[in-house]
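Shown next, in structure tokens, is the structure this report addresses.
Numbering (our numbering), first residue to last: 44 to 157.
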């Protein structure tokens with residue numbers, strides 16, 4: 044990664060640390076501020092690795108292609124087991140689809156109200 048990518052990754056980590064100290068709630072998204080970063084594939088993959096380590100406490104994470112054009116991180120056991128990986132990726136695709144549908148709905152509401 045180049046220095047700009049490291050700076051962008053650093054900004055993401057600081058937002059995560061800030062968000063970890065915020066109250067959690069449905070109407071209180073963590074780190075509710077925009078970042079001026081370029082989420083390149085290298086920054087994205089490093090971010091996935093950091094999130095995987097922080098959420099699991101393990102350092103044996105693997106980045107996997109989900110099948111809908113996105114990538115995510117999973118543990119090495121899941122990545123090595125074809126059936127477990129198919130099941131995992133299916134759940135991630137479903138979650139992604141729901142999130143994209145939600146985003147489209149919210150964008151439509153925002154466009155209609157302005």
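Positions of the beta carbon are idealized from the N, C-alpha and C atoms, including for glycine.
{"query": "Sequence ranges, beta strand (DSSP E) only - wholly within the stretch 104-147, length at least 3", "result": "104-108, 114-118"}
{"query": "Residue range of the alpha helix (DSSP H) that includes residue 95", "result": "84-99"}
{"query": "With 16 other Cβ atoms within 10 Å as the buried cut-off, status of residue 17", "result": "The displayed coordinates of the chain run from 44 to 157. Any statement about residue 17 would go beyond what the structure contains."}
{"query": "Whole-Å CB distance - residue 58 paired with residue 78, under 8 Å assumed", "result": "6 Å"}
{"query": "Proximal residues to residue 60 (C-beta, below 7 Å), its chain only, five neighbours per side dropped", "result": "none"}
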